[in-house]
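Residue numbers (the numbering used here): 826 to 913.
Next comes the structure, spelled out in structure tokens:
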């Protein structure tokens, strides 16, 4: 697993980082819910746990903000554009 480049041309405010991380967690949560709600198994099954642990972050934030969150230890880059929370 190679880390994304650590070049950050500008500093992000604490609020910008917080909003971006919140948007990432929301996308991860919705992806997990979508995965868990798939039809399958018996009609009376309670569903299953999602195997989703990493997602592509929202694209309305620049790549540099995700690199900064990785650098600060909030997220982990797992490859192929996927990130996961550092402490799930």
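All residues carry an ideal CB built from backbone N, CA and C; glycine is no exception.
Assign residue i to buried or exposed, taking buried as 16 or more other Cβ atoms, counted over all protein chains shown, within 10 Å of its Cβ.
{"i": "residue 840", "result": "exposed"}
{"i": "residue 882", "result": "buried"}
{"i": "residue 893", "result": "buried"}
{"i": "residue 880", "result": "buried"}
{"i": "residue 853", "result": "buried"}
{"i": "residue 912", "result": "exposed"}
Determine whether the beta carbon atoms of residue i and residue j lie at a separation below 9 Å.
{"i": "residue 910", "j": "residue 850", "result": "yes"}
{"i": "residue 902", "j": "residue 845", "result": "no"}
Which residues bound the alpha helix (DSSP H) around residue i?
{"i": "residue 836", "result": "Note, residue 836: premise wrong, no alpha helix (DSSP H); not H, not E."}
{"i": "residue 901", "result": "Careful: residue 901 lies outside any alpha helix (DSSP H), inside the beta strand (DSSP E) at 900-904."}
{"i": "residue 892", "result": "888-896"}
Would you please state the rounded distance, in angstroms, between the beta carbons of residue i and residue j? I believe it to be under 8 Å.
{"i": "residue 877", "j": "residue 899", "result": "Between residue 899 and residue 877 the Cβ distance is about 19 Å, and since that is not below 8 Å, they are no contact."}
Starting from residue i, trace the beta strand (DSSP E) in both directions and tell me its first and last residue.
{"i": "residue 910", "result": "907-910"}
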